[in-house]
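Take a look at the structure set out below.
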Amino acid sequence: MSDLIDHTAGVRKGEELDLAVLEPYIRRELDLPDGAFEVEQFPGGHSNLTYLIRIGGREMVLRRPPFGSTVKSAHDMGREHTILSKLHPVYSPAPKPLLFCQDHDIMGCDFYAMERIRGMILRKDKPEGFEATEDEVRRACEAIAINLADLHAIDWKSIGLDVLQKKEGTFVRRQVEGWIRRYDASKTDDLPIVNQVFEWCQERIPEDTDAVLIHNDYKFDNLILDSSDISNVIGVLDWEMSTIGDPIFDLGVTLGYWTDPDEPEGVTTSSCFLTRMPGAISRKEFARIYGERSGRDVSNLHYYYVFALIKLAVVLQQIYYRYHQGLTKDERFAALQFAVPMLAERANMVIEQGDI
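Take a look at the structure:
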């Protein structure tokens, strides 16, 4: 399935880079040989912008904040570069960073470049030509759960990532209160169901179970799988929300994107076709495999799953807010106004069910 390696496309209108300034800077900083300087854009993602730069036979990936962004904490390029710099030597799926630029004369913002990991990224729709047996699908799902447990086992203090740890309050409480503030700051419509779910979450905040390095957005379209063996996770992307936090919270975030095999396609956003293929595992099976690998108690996942759904609703609301305010022209964002209430309703339904 090597022909299914993640492909790029032309740069979207309004998201072009000033190559007259960027090209000489990158050539100088990385001491690159002569060769055509080509820039394309990766199609996925609603947050930071990701470009492929090709110089001769060398490829690298450039990350920058979205144009018109007002949420600085979600687009801290220096923080993401620091995480990769310290993490890559001990966790190979983290891409190797190449440079970090704070000179706004180059691009008008901070940005960084990293090595490209060539592999397969699975998204919502099944690509033409993709085939996998039930056993291959199951092993891929299991590998994703195991890799998350292995990430949580990293000794983050020994590699200098203690700079990410916040001292005040408990992690889960900070998350609940923080996402309520983010929703209030990006609200465009009155959605009482969102407030209702947040009230439920506020009344039941659990104590933190541990403090580990979490990805905070660990899902299929942030994972690169080996195109010759999809049970091999060779890359983990988009570390912008990574921090030191509760591992069960991180597990809940992942399950917020995970559609059970017997569920209809539209129960969540950003679900992946693979979780509906024969051989796919359920959220409960994913949690069990994670628990066995990590040795952690996953019995209280209901709370974390509910919060993951409402948190995702707010993430999409923030993106839609930029579109609503005219800060971005990306027409993909127009439909997010419908995804936000859908996710809130889904979270409320899970509350009533009492299970994941």
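In our numbering, the protein residues as written are 4 to 359.
We put the CB at the ideal spot given by N, CA and C, even for glycine.
Model, not experiment: these values are computed from the prediction.
Nearest residue (CA-CA) to residue i, options the options
i: Thr-246; options: Asp-220, Gly-259, Ser-231 and Leu-226; result: Asp-220
i: Val-256; options: Lys-129, Pro-68, Val-236 and Ala-311; result: Ala-311
i: Leu-25; options: Leu-102, Val-179 and Gly-282; result: Leu-102
i: Ile-8; options: Asp-192, Gln-168, Arg-15 and Asp-229; result: Asp-229
i: Gly-298; options: Lys-89, Leu-151, Glu-19 and Leu-33; result: Leu-151
i: Lys-190; options: Phe-45, Glu-348 and Arg-325; result: Arg-325
i: Arg-141; options: Phe-174, Glu-348, Arg-349 and Met-280; result: Met-280
i: Glu-202; options: Val-166, Ala-188 and Ile-183; result: Ile-183
i: Arg-349; options: Glu-334, Ile-313 and Ala-338; result: Ile-313
i: Asp-358; options: Ile-227, Ser-302, Gln-328 and Arg-207; result: Ser-302
i: Ile-251; options: Ala-283, Ser-285, Leu-315 and Val-175; result: Val-175
i: Pro-3; options: Leu-258, Gly-248 and Ile-284; result: It is not possible to answer for residue 3, since the shown part of the chain is limited to 4 through 359.
i: Ile-109; options: Arg-30, Glu-295, Gln-168 and Gln-205; result: Arg-30
i: Val-236; options: Gly-163, Leu-164, Gly-13 and Ala-143; result: Ala-143
i: Asn-351; options: Tyr-260, Asp-249 and Val-197; result: Val-197
i: Pro-46; options: Arg-185, Val-14, Ala-39 and Leu-35; result: Val-14
Buried or exposed (CB count within 10 angstroms, at least 16 for buried), residue i
i: Pro-195; result: exposed
i: Thr-362; result: Outside the shown range of the chain, which is 4 to 359, sits residue 362, and nothing can be said about it.
i: Gln-320; result: buried
i: Phe-341; result: exposed
i: Asp-232; result: exposed
i: Val-317; result: buried
i: Thr-136; result: exposed
i: Lys-222; result: buried
i: Gly-81; result: exposed
i: Ala-286; result: Inspection of the sequence shows that residue 286 is occupied by Arg rather than by Ala. The residue in question, Arg-286, is buried, as its Cβ has 16 or more Cβ neighbours within 10 Å.
i: Thr-138; result: It should be noted that the sequence gives Asp, not Thr, for residue 138. Label assigned to Asp-138: exposed.
Simplified DSSP assignment, three categories, for residue i
i: Thr-331; result: coil
i: Phe-103; result: strand
i: Gln-321; result: helix
i: Met-110; result: helix
i: Asn-225; result: helix
i: Leu-240; result: coil
i: Asp-232; result: strand
i: Tyr-306; result: helix
i: Met-280; result: coil
i: Ile-354; result: helix
i: Ile-359; result: coil
i: Gly-255; result: helix
i: Ile-247; result: strand
Within 8 Å, strictly: CB atoms of residue i and residue j
i: Thr-85; j: Glu-43; result: no
i: Leu-254; j: Tyr-307; result: yes
i: Val-239; j: Ala-97; result: yes
i: Arg-360; j: Phe-114; result: No answer is possible for residue 360: it lies beyond the span of the chain, which begins at 4 and ends at 359.
i: Asn-225; j: Asp-241; result: yes
i: Tyr-323; j: Val-353; result: no
i: Met-117; j: Pro-100; result: yes
i: Glu-18; j: Leu-55; result: no
i: Phe-289; j: Ala-146; result: no
i: Leu-154; j: Leu-277; result: no
i: Pro-69; j: Ser-95; result: no
i: Arg-119; j: Glu-62; result: yes
i: Asp-428; j: Asp-249; result: Not covered by the structure: residue 428. The range shown for the chain is 4 to 359.
Residue i - containing alpha helix (DSSP H), residue span
i: Phe-114; result: Taken as a continuous stretch (DSSP letters only), Phe-114 belongs to no alpha helix (DSSP H), being part of the beta strand (DSSP E) at 114-118.
i: Ile-147; result: 137-155
i: Arg-299; result: Neither: Arg-299 is in no alpha helix (DSSP H) and is coded neither H nor E.
i: Phe-174; result: 174-189
Where the beta strand (DSSP E) containing residue i begins and where it ends
i: Gly-13; result: Where Gly-13 is concerned, there is no enclosing beta strand (DSSP E), given that its DSSP letter is neither H nor E.
i: Met-63; result: 61-67
i: Tyr-3; result: Since the first residue of the chain shown is 4 and the last is 359, residue 3 is not available in this structure.
i: Glu-43; result: 40-44
i: Ile-56; result: 52-58
i: Val-215; result: 215-217
is_contact[residue i, chain C] using C-beta, thresh 8 Å
i: Tyr-28; result: Here chain C cannot be found, since the structure has a single protein chain.
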